[in-house]
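Quick note, the sequence shown lines up with residues 10 to 295 if you use the working numbering.
Structure first, then comments.
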Amino acid sequence: MPYHRRISIRVPDGTFCAPGNQQIGGTCFDRNGLLRLIQKYNTKYPDRAIHYTSKTPNRVLWSAFRDGLASVCGDNEWCWLDQDFLKYDSEIQRYYRPPRPNTSHKWLSTTDIDAVLKQYETQYHNFVFMGAVPLDFDEVIDEYRNMKICPMYQGQQITQFGFVFNLDTHQKKGSHWVSMFMNLDGPDKFIGFFDSYGHPPPPQIRNLIIRLKQQVKDCLGLQIHYKCNTVQHQHKNTECGVYSLYFIYQCLQHHTFEDITEAIILDDDVNRFREFFFRPTIHYRG
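Following this line, the structure appears as structure tokens:
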């Protein structure tokens, strides 16, 4: 019998480091990151360049850079990444979670979802995210049409696979996000489909599930169980993308499919996970 559990999360101020990137000494940046920040700053502002040597301690580098942007960012390290000379630097951006959409109930885009879940590949080396894709993925995305699970399992030791689908085809604007997780590790090997409205997968996704199960059986000799959420969690229309992130994240935390799907999390509760999956931005509005 489904039950309602209110989710309580606490994200301490300033801990928006990317998954697997531990905050040390009050910063998400290691020495290489700090040096890159300063090099970029010195290129942008040569008249007030930050001087340092190979022996300059990290805390001094950090303080010097902080002081250079204090009038804009104060002590908010995440604000640094929004500056025009850093916002397109992928090496700098990877130290932090991706930027939060600019309103608290904005629909998540393909880019938002990809940015969040690709970072978990760094923290979980046995996990791969296959991308957020339209419903006609087999027609427009080669990686899906030609997907081969066994080489990834055997060659890269990938045992967990995440998928997010939009129920619109690629030429439409997007309607609803759903997600799927395949686990080939441990005793509970399964492929689980999660629609936050509790609906079953459409034929395109069902066919993919059948194909993946057959691949795993033929080349790995593994039997995996198919599981499908039938519980309605979502009642509003803005949080389907966050529900999709939430489901895959909870699977990575080794919660069972049943625990995740049977404990109802309502729209307003899952909305708060935006504060966990994304960092703030200087343009964010509640």
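Don't be surprised by glycine CBs; every beta carbon is placed ideally from N, CA and C.
Residue i, DSSP secondary structure in three states
i: R75; result: helix
i: R57; result: helix
i: R283; result: helix
i: N67; result: helix
i: I257; result: helix
i: A124; result: helix
i: Y105; result: strand
i: C26; result: strand
i: K290; result: At residue 290 the sequence reads Thr, which differs from the Lys that was named. Correct three-state label for T290: coil.
i: I47; result: helix
i: I150; result: coil
i: G295; result: A caution first: G295 carries a pLDDT of 43, below 50, which makes its placement in the model too unreliable to give a value.
i: Q132; result: helix
i: S118; result: coil
i: T247; result: coil
i: V240; result: coil
i: H208; result: coil
i: N155; result: coil
Same chain, Cβ closer than 6 Å to residue i, five either side skipped, listed in chain order
i: P210; result: F202
i: H234; result: F199
i: Q132; result: P28 and G29
i: L117; result: G250
i: Q5; result: Lying before the first or after the last residue shown, residue 5 is absent from the chain, which here runs from 10 to 295.
Host beta strand (DSSP E) of residue i (start-end)
i: W186; result: W186 to N192
i: G140; result: F136 to V142
i: Y235; result: H234 to C237
Neighbourhood of residue i by C-beta, 8 Å cutoff - its chain only, sequence neighbours within 5 removed
i: V69; result: Y61
i: L43; result: T36, N67, L70, W71 and F74
i: G77; result: Y50, Y54, R57 and I59
i: Q128; result: A27, P28, G29, R103, R106 and P107
i: K222; result: I200, I233 and Y235
N-terminal and C-terminal residue of the alpha helix (DSSP H) that residue i is part of
i: N280; result: D276 to N280
i: I200; result: Note, I200: premise wrong, no alpha helix (DSSP H); beta strand (DSSP E) at F199 to F203.
i: N111; result: Per DSSP, N111 belongs to no alpha helix (DSSP H) and is neither H nor E.
i: Q169; result: Taken as a continuous stretch (DSSP letters only), Q169 belongs to no alpha helix (DSSP H), being part of the beta strand (DSSP E) at Q169 to N175.
i: Q223; result: P212 to L229
i: C37; result: Premise fails: C37 is in no alpha helix (DSSP H) and is neither H nor E.
i: G164; result: I158 to Q165
i: T270; result: F266 to E271
Closest residue to residue i among the options (Cα-Cα distance)
i: A73; options: Y50, L95, D91 and W87; result: Y50
i: P28; options: Q262, V187 and E152; result: Q262
i: F285; options: D177, L126 and Y54; result: L126
i: H208; options: V187, T65 and Q224; result: V187
i: H185; options: Q165, S113, M139 and L176; result: L176
i: G140; options: S99, Y153 and H134; result: Y153
i: Q169; options: A58, R45, C260 and E267; result: C260
i: Q224; options: K157, P196 and R283; result: K157
i: F38; options: I101, Q180 and T112; result: I101
i: Q32; options: F172, Y105, V149 and T290; result: Y105
i: P108; options: D121, K115, H114 and D98; result: D121
i: H96; options: E267, L46 and F266; result: Looking at the sequence itself, residue 96 is Lys, so the reference to His does not match. Closest option to K96, Cα to Cα, is L46.
i: I257; options: D91, L221 and E130; result: E130
i: Q165; options: K182, F136, E267 and N192; result: F136
i: K245; options: C82, E148, D227 and I274; result: I274
i: N111; options: D91, D197, K64 and S99; result: D91
i: D147; options: L254, R220 and E267; result: R220
i: N238; options: L217, D268 and L254; result: D268
i: K64; options: V81, A79, R40 and G83; result: R40
i: G195; options: T265, L217 and G183; result: T265
i: S99; options: H134, A124, D84 and K182; result: A124
i: T119; options: N155, F174, D84 and H134; result: F174
Same chain, Cβ closer than 7 Å to residue i, neighbours up to 5 away in sequence not counted
i: Q243; result: S205, Y206, C249, Y252 and D276
i: T36; result: W71 and E86
i: F172; result: M139, S188 and M189
i: L229; result: C159 and Y162
i: V240; result: P11, G207, T270, E271 and I273
i: L231; result: L193, K198 and V225
i: C82; result: C88 and W89
8 Å contact criterion, which residue i and residue j should meet: CB distance rounded
i: K53; j: F94; result: 4 Å
i: H114; j: P143; result: Not quite, the Cβ-Cβ distance comes to about 23 Å (not below 8 Å), so this is no contact.
i: Y255; j: F282; result: 6 Å
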